[in-house]
Amino acid sequence: MRIRKLATTAMAGFLLLAASACGGDGGSGDGPAAQSGAPKTLTYWASNQGPSLEADQEILKPELDRFKKETGIEVKVEVVPWADLLNRILAATTSGQGPDVLNIGNTWSASLQATGAFVPFDDALLGKLGGKERFLGPSLAATGAQGQPPAAIPIYGMTYGLMYNKKMFADAGIDGPPKTWDEFIETGKKLTKDGKWGLAVEGASVTENAHHAFIFGQQHGADPFDASGKPQFDSDKQVAATKQFLDLMAVHKIVNPSNAEYGNGTQAVQDFTSGKAGMLMWQSIASSAKAAGMGEDEYGVAPIPLPDPAQGGKQVNGMVAGINLAIFKSSRNQDAAVEFAKFMTSKQTQQNLNKAYGSLPTVNDAYDDPAFQTEHIKAFQQILATTAAPLPQVPEESQYETLVGTAMNELFADVASGKPVSEAQIKAKLTEANEKMLAGS
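With mature numbering (1 follows the signal peptide of the UniProt record, and there is no 0) applied, the sequence shown covers -23 to -1, 1 to 418.
Put into structure tokens, the structure is as follows:
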């Protein structure tokens, strides 16, 4: 679904991985878009928000066609899978061979801001979009380091919820969504039978694993960094939180071990929408459910259950998630890129795209559409407003996600292969991630 001022050594580990992945077509270089008097063309890297890359192309096409009709500016869009997006962005920040505009996970904002590669949205630039007061506070807060102009602007608002299949619940004699963690596990066991499973996860997704490590870590009182900014990924509290998540497959056996291989951001959703799993901890799945023929009334959205009793941490069961839109400084089409940013945050586009994706508009004036008064949307709004926490907006955040998420990928693989995974083994993996962070790798 993200680095103290991203020192060269801190970037090196990413860029070694990313160099071969960068595939921008040079929208910021010479060509028709850069020639005076020629029709302008923008290149745009969009993130995979729907059930497939092709579905995103179809969802975006009417809006991009309308933008061309209104402005004369053509947008060449490439939808980039989540597994590739961060590496490609990081490679583009050094090569200059990136798009004009791009989507970024909002938790990456401070990390990417520290590269200096993106146009800052100062008050003057925000004024062209209607001013900062148009934007929802939580969404605007997740756009870069505190005290600095946003590195990007929010376009899709999200958080995590628990999706549950109503028919599978009824068939298992379950009255409603679980409200505590113990009830959650018991519900998952009742659903796990006849080749079906209680819960689907993406055990090979760096991003999803890092997000869950953060959410459950908050419940246990763990923070990724201490007050001085030093990483503490391997604290006892974080180890316990990580084990809580892994145990859903390892101990409680409500997750199919094959989920340890899921990593493209769509496979767990497909298991849920096809009825192979009864629950899913995810952000909005509206477009994926629609594509799979799953009606909105066939599944519910509830908060992810909190531990009972509390684990000594915060009452957190979600994170302030979402997608931001950024402009590369290297773009030779910055005026056109600003026009595109204005378009993507306009009332009509916000309503159209967030309805299509089932996400939350990031501007206040878009909420007069009845589509944003559904039970699903209200559930996400309530979680975002009351029990969602923001990931740290620090330059090191994207590296934190990569290191911790990778460690959890490896732990899930061990669980799936039948190896016992103890707290000591979890701590060893997280300590390895912590040491890599301290070494700036």
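C-beta atoms are modelled at their ideal positions from N, C-alpha and C, and glycine is treated no differently. None of these values were measured; they are calculated from a predicted model.
* To do: Give every residue of the same chain whose Cβ lies closer than 6 Å to the Cβ of residue 217, excluding the five residues on either side of it in the sequence, and list them in chain order.
  => Start at 1 with the first residue of the sequence shown, and residue 217 comes out as number 240. Excluding sequence neighbours, residue 217 sits near 197.
* **Unbroken stretches of the alpha helix (DSSP H), 4 residues or longer, contained in the segment 267 to 324** => 311 to 321
* To do: My understanding is that residue 27 touches residue 182, with C-beta atoms under 8 Å, so please give their C-beta distance in whole angstroms.
  => Taking the first residue of the sequence shown as position 1, residue 27 is located at position 50. Taking the first residue of the sequence shown as position 1, residue 182 is located at position 205. Contact doesn't hold; Cβ gap of about 16 Å is too wide.
* Asked: Helix, strand or coil for residue 179 per DSSP?
  -> Counting from 1 along the sequence shown, the entry for residue 179 is found at position 202. Three-state DSSP puts residue 179 in coil, outside helix and strand.
* **Uninterrupted beta strand (DSSP E) stretches inside the segment 125 to 171 (no shorter than 3 residues)** => 130 to 135, 138 to 142
* Asked: Contact between the segment 170 to 186 and the segment 307 to 327: three or more CB pairs below 8 Å?
  -> no
* Asked: Are at least three pairs of beta-carbons, each pair with one atom in the segment 367 to 378 and one in the segment 82 to 89, less than 8 Å apart?
  -> yes
* Asked: What separation, rounded to the nearest whole angstrom, lies between the Cα atoms of residue 285 and residue 292?
  -> Within the sequence shown, numbered from 1, the residue matching residue 285 stands at position 308. Within the sequence shown, numbered from 1, the residue matching residue 292 stands at position 315. Here the alpha carbon of residue 285 sits roughly 11 Å from the alpha carbon of residue 292.
* Which listed residue (36, 146, 225, 104) has its alpha carbon closest to that of residue 388 -> Taking the first residue of the sequence shown as 1, we reach residue 388 at position 411. Residue 388 has its Cα closest to that of 225, out of 36, 146, 225, 104.
* Do residue 133 and residue 281 have their C-beta atoms within less than 8 Å of each other? -> On the sequence shown, residue 133 is found 156 positions in, with the first residue counted as 1. On the sequence shown, residue 281 is found 304 positions in, with the first residue counted as 1. In this structure, residue 281 does not lie closer than 8 Å to residue 133 by Cβ.
* To do: Please state whether DSSP places residue 207 in a helix, a strand or coil.
  => Translated into positions along the sequence shown, residue 207 becomes position 230. Residue 207 falls in the coil class under three-state DSSP.
* To do: Count the CB pairs spanning the segment 220 to 240 and the segment 176 to 194 that are closer than 8 Å, and state whether there are at least three.
  => yes
* To do: Measure the Cβ-Cβ separation of residue 381 and residue 410 and say whether it is below 8 Å.
  => Sequence index remark: in the sequence shown, residue 381 carries index 404 (1-based). Sequence index remark: in the sequence shown, residue 410 carries index 433 (1-based). Closer than 8 Å, so yes.
* If you check the beta carbons only, do residue 52 and residue 25 fall under 8 Å apart? -> Stepping through the sequence shown from its first residue, residue 52 is reached at position 75. Stepping through the sequence shown from its first residue, residue 25 is reached at position 48. No; because the gap between Cβ atoms is not below 8 Å, this pair is not in contact.
* **Beta-carbon contacts of residue 391 that lie in its chain and below 8 Å, excluding the five residues immediately before and after** => Here residue 391 corresponds to residue number 414 of the sequence shown, with the count starting at 1. The residues are 398, 402.
* Asked: Taking the C-alpha atoms as reference points, what is the distance between residue 240 and residue 325?
  -> Along the sequence shown, one-based indexing puts residue 240 at 263. Along the sequence shown, one-based indexing puts residue 325 at 348. Rounded to the nearest angstrom, the two C-alpha atoms are 33 Å apart.
* Taking the alpha-carbon positions, what's the residue 154 to residue 141 distance? -> If you number the sequence shown from 1, residue 154 lands on position 177. If you number the sequence shown from 1, residue 141 lands on position 164. Roughly 7 Å between the two C-alpha positions.
* Which full runs of the beta strand (DSSP E) of 3+ residues lie inside the segment 218 to 277, going along the chain? -> 254 to 259
* Asked: What are the residues that DSSP puts in a beta bridge with residue 81?
  -> Position 104 of the sequence shown holds residue 81. DSSP output for residue 81 lists 301 as bridge partner(s).
* **Environment of residue 345 [buried if 16+ CB atoms lie within 10 Å]** => Here residue 345 refers to the residue found at position 368 when the sequence shown is read from its first residue. The residue in question, residue 345, is exposed, as its Cβ has fewer than 16 Cβ neighbours within 10 Å.
* Asked: Residue range of the beta strand (DSSP E) that residue 23 falls in?
  -> On the sequence shown, position 46 is the one that residue 23 refers to. From DSSP, the beta strand (DSSP E) with residue 23 extends over 18 to 24.
* Meets three-Cβ-pair contact criterion under 8 Å: the segment 28 to 48 and the segment 335 to 343 -> Between the segment 28 to 48 and the segment 335 to 343 there are fewer than three C-beta pairs closer than 8 Å, too few to call the two in contact.
* Provide the residue span of the beta strand (DSSP E) that contains residue 398, from first to last. => Position 421 of the sequence shown, counted from the start, is the residue given in the question as residue 398. Premise fails: residue 398 is in no beta strand (DSSP E) and is neither H nor E.
* Beta-carbon gap between residue 81 and residue 106 smaller than 8 Å -> Here residue 81 refers to the residue found at position 104 of the sequence shown. Here residue 106 refers to the residue found at position 129 of the sequence shown. Taking 8 Å as the Cβ cut-off, residue 81 and residue 106 do not qualify as a contacting pair.
* Following the continuous alpha helix (DSSP H) through residue 57, name the residue where it begins and the one where it ends. => Sequence index remark: in the sequence shown, residue 57 carries index 80 (1-based). Here residue 57 belongs to no alpha helix (DSSP H); instead the beta strand (DSSP E) covers 51 to 57.
* To do: Along the alpha helix (DSSP H) that carries residue 363, what are the first and last residues, could you check?
  => Start at 1 with the first residue of the sequence shown, and residue 363 comes out as number 386. From DSSP, the alpha helix (DSSP H) with residue 363 extends over 352 to 363.
* Considering residue 96, what are the terminal residues of the alpha helix (DSSP H) in which it resides? -> For this step, residue 96 is matched to residue 119 along the sequence shown. Where residue 96 is concerned, there is no enclosing alpha helix (DSSP H), given that its DSSP letter is neither H nor E.
* Asked: What does DSSP give as the partner residues of residue 371 in its beta bridges?
  -> Along the sequence shown, one-based indexing puts residue 371 at 394. DSSP lists no partner for residue 371.
* Whose C-beta lies closer than 7 Å to the C-beta of residue 413 among residues of the same chain, with five residues either side of it excluded? -> If you number the sequence shown from 1, residue 413 lands on position 436. For residue 413, where only same-chain residues beyond five positions count, the Cβ hits under 7 Å are 380.
* From 232, 177, 356, residue whose alpha carbon lies closest to that of residue 435 -> Since the first and last residues shown for the chain are -23 and 418, residue 435 lies out of range.
* Cβ of residue 95 within 8 Å of Cβ of residue 304? -> Reading the sequence shown from its first residue, position 118 is the one you call residue 95. Reading the sequence shown from its first residue, position 327 is the one you call residue 304. Residue 95 places its beta carbon less than 8 Å from that of residue 304.
* Have a look at residue 199 and residue 164 and give me their C-alpha separation to the nearest angstrom. => Stepping through the sequence shown from its first residue, residue 199 is reached at position 222. Stepping through the sequence shown from its first residue, residue 164 is reached at position 187. Near 27 Å, if we compare the C-alpha coordinates of residue 164 and residue 199.
* Which of helix, strand or coil DSSP assigns to residue 337 -> Working through the sequence shown from its first residue, we reach residue 337 at position 360. In the structure shown, residue 337 sits in a strand (DSSP, three-state: E or B).
* In chain order, what residues of the same chain lie with their CB nearer than 7 Å to the CB of residue 48, ignoring the 5 residues before and after it? -> In the sequence shown, the residue the question calls residue 48 occupies position 71. Apart from sequence neighbours up to five positions away, the residues of its chain that approach residue 48 with a beta-carbon distance below 7 Å are 316, ordered along the chain.
* residue 109 to residue 229 span [Cα, whole Å] -> As a first step, residue 109 is located in the sequence shown; it is residue number 132 there, counting from the start. As a first step, residue 229 is located in the sequence shown; it is residue number 252 there, counting from the start. Taking the straight line from one Cα to the other gives about 46 Å.
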